[in-house]
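> Could you have a look at this structure, given as C-alpha cells, before my questions?
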Amino acid sequence: VFGIASFTNIAIAAQRCGFDAWSYETPDGRSIRRAVDWMLPYLTGERAWAWPQIHPFNPAEMSGPLAACAQRFPDGRYARALAGLDLPGDHRSRLHFAMG
293 VFGIASFTNI AIAAQRCGFD AWSYETPDGR SIRRAVDWML PYLTGERAWA WPQIHPFNPA
353 EMSGPLAACA QRFPDGRYAR ALAGLDLPGD HRSRLHFAMG
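The opening position of the sequence shown corresponds to residue 293 in the numbering used here, with each subsequent residue numbered one higher.
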C-alpha cells in the first residue's frame, strides 16, 4: 500500500510538471494502474490478504490512490472500489482534499 500510494503521489506531481507517469510502463509491463488493479480484489474483499505485514492490512489506506485513479481512469472500477471501502472520518476528509 505504501509503495502504491507513493507512486500515485509521484504521478500527481509529475502531471503538474507535464509528465504522464500514469501511462508509464516498464519494459516488463509494470505500471501504477496495474499495481492498483492487482490490489482491487483485496480492497473489495474478493480475496483475503495473505502476506505478512508490519502493521495490520487496512484497505482504507488505499483511499487516496483509489480516488486519484478514479479521476485519471474514469471507467468506474476505482470509484466503485472506493465507495465500497469502510472509511473512518479522517480518510473521508482527506478524499475531499484530494478530489477537490
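Don't be surprised by glycine CBs; every beta carbon is placed ideally from N, CA and C.
1. Please identify the residue among Gly295, Val293, Leu332 whose C-alpha is closest to the C-alpha of Gly368.
2. Would Leu377 pass as a contact of Pro351 if the rule is Cβ separation under 8 Å?
3. Closer than 8 Å by C-beta to Ile296: which residues in its own chain qualify, once you throw out the five before and the five after it? Chain order, please.
4. Tell me the residue span of the alpha helix (DSSP H) that contains Leu379.
5. If you count every other CB in all the chains shown that lies within 10 Å of the CB of Phe311, and 16 or more means buried, which is it?
Concretely, from the data shown:
1. Closest option to Gly368, Cα to Cα, is Leu332.
2. Contact: yes.
3. Excluding sequence neighbours, Ile296 sits near Ile324, Ala327, Val328, Met331, Met354, Pro357.
4. No alpha helix (DSSP H) holds Leu379; DSSP gives it neither H nor E.
5. Answer is exposed; the Cβ neighbour count stays below 16.
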